[in-house]
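Under this note's numbering, the residues of the sequence shown are numbered 102 to 310, in order.
From the three backbone atoms N, C-alpha and C, an ideal C-beta is built for every residue, glycine too.
From a predicted model like this one, the values you see are computed outputs, not experimental measurements.
Structure first, then comments.
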Amino acid sequence: MFKKNLVFIVSAVVAILFVVYLALPHVLGWKAKTITKHTVELETLLGDMAWVSPGLSETHALYEISFRTCPACIAYHKTEFPKLQAMGVDTRLFVFAHDAEWVSAEERSVVAALSETRSWELAQDWYEASPNRFYAKMMDDIPSADGNEARTALITKGQQQISRLYTILADNGIISTTPALIWQNKAGKWRAITGYNLYTNAEIRKELK
């Protein structure tokens, strides 16, 4: 009798946990949403942003918006980019620098270099050299952005673009956090979600097949 009750209790707990797992994306807003407002502006903005990518496709793409020390962003492109690239999806990464005292000069410099060169290889090297944090020291071949008007302007432009992008997402009922993930589904509609979640990661892959 005790064993039967125990089995019943365990089964009930597992069932409840499964239901909670399925419900959480809806409760916490982890479901992808269709962009219905400012779609033309969104397309123009994404086209103007200095993202980097491996160049796998002109039309089949996913945009990830992140800053360098964002743990969820690092997790997303570490686990999901290889899967998406294997599907022929062009993974377009846009890294911006926060306008804050805790952002290092090294981080600002590499962000400016990414905007200037649009180098996917540089982005790859940056994350592979120190996968969980920004560079501990300046790379020899990357000039400082601090004190350089042109490179500082690139950083500022990126910050302004991010500000407008998150306004567009907010107007469409999407929470402003990172990473922001944006793509077009098979019907050509713009879709977006923010944050990192296994449920929505799978949803994105399904829509981009």
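Practice prompt. Could you name the residues that DSSP lists as bridge partners for residue 285?
Written response: Partner(s): 291.
Worksheet item: Which full runs of the beta strand (DSSP E) of 3+ residues lie inside the stretch 159–203, going along the chain?
Response: Listed in chain order, they are 162–168, 191–197.
Worksheet item: With a Cβ-Cβ cutoff of 8 Å, do residue 281 and residue 271 count as a contact?
Response: Taking 8 Å as the Cβ cut-off, residue 281 and residue 271 do not qualify as a contacting pair.
Worksheet entry | Contact belief for residue 191 with residue 154 at Cβ below 8 Å, rounded distance in angstroms | Going by Cβ atoms, the distance from residue 191 to residue 154 rounds to 5 Å, so yes, they are a contact pair.
Worksheet entry | Under the three-state DSSP convention, the category residue 278 falls into | Judged by DSSP in its simplified three-state form, residue 278 adopts coil rather than helix or strand.
Worksheet item: Does the distance from the C-beta atom of residue 304 to that of residue 284 stay below 8 Å?
Response: Cβ atoms of residue 304 and residue 284: not closer than 8 Å.
Worksheet entry | Burial state of residue 177 (16 or more Cβ within 10 Å) | So residue 177 ends up on the buried side.
Worksheet item: Once you ignore the five residues that flank residue 174 on each side, which residues in its own chain have a CB closer than 6 Å to its CB?
Response: Same-chain partners within the cutoff: 167, 279, 280.
Practice prompt. Would you identify the three-state DSSP class for residue 135, choosing helix, strand or coil?
Written response: Residue 135: strand per DSSP, three-state reduction.
Discussion item. Within the continuous alpha helix (DSSP H) that includes residue 153, where are the two ends?
Written reply: Per DSSP, residue 153 belongs to no alpha helix (DSSP H) and is neither H nor E.
Discussion item. Between the alpha carbons of residue 169 and residue 161, how many angstroms are there, rounded?
Written reply: Taking the straight line from one Cα to the other gives about 24 Å.
Fill in: CA-to-CA distance, residue 297 to residue 306, given in whole angstroms
In a straight line, the C-alpha of residue 306 is about 13 Å away from that of residue 297.
Discussion item. Quick check on this structure: which residue in 242, 200, 165 has the alpha carbon closest to the alpha carbon of residue 57?
Written reply: The chain is shown only over 102 to 310; residue 57 falls outside these bounds and no answer can be derived.
Discussion item. Alpha carbons only, please: which of 184, 253, 263 is nearest the one belonging to residue 147?
Written reply: If we check each option's Cα against that of residue 147, 263 comes out closest.
Item to complete: Determine the extent of the alpha helix (DSSP H) in which residue 310 is found, giving its start and end residues.
Response: Element bounds for residue 310: n/a, residue is neither H nor E.
Fill in: Candidates 287, 253, 189, 228, of which the one nearest residue 213 by Cα
That would be 253, whose Cα lies nearest to the Cα of residue 213.
Item to complete: Give the straight-line distance between the Cα atoms of residue 248 and residue 211, rounded to the nearest whole angstrom.
Response: Their backbone Cα atoms lie some 14 Å apart in a straight line.
Practice prompt. With a 10 Å radius around its C-beta and 16 neighbouring C-beta atoms as the bar for buried, classify residue 180 as buried or exposed.
Written response: Burial is judged here by how many other beta carbons sit within 10 angstroms of a residue's own beta carbon; residue 180 has fewer than 16 and is exposed.
Discussion item. I'd like the list of long-range same chain contacts for residue 228, defined as Cβ closer than 6 Å, with 5 residues on each side in sequence excluded.
Written reply: If you ignore the 5 residues before and after residue 228, its C-beta comes within less than 6 Å of no other C-beta in its own chain.
Discussion item. Suppose you measure from the CA of residue 291 to the CA of residue 141; what does that come to, to the nearest Å?
Written reply: Distance between residue 291 and residue 141, taken at the CA atoms: about 10 Å.
Worksheet item: Under 8 Å, do residue 301 and residue 133 count as touching if we go by C-beta distance?
Response: Taking the C-beta atoms as reference points, residue 133 is found nearer than 8 Å to residue 301.
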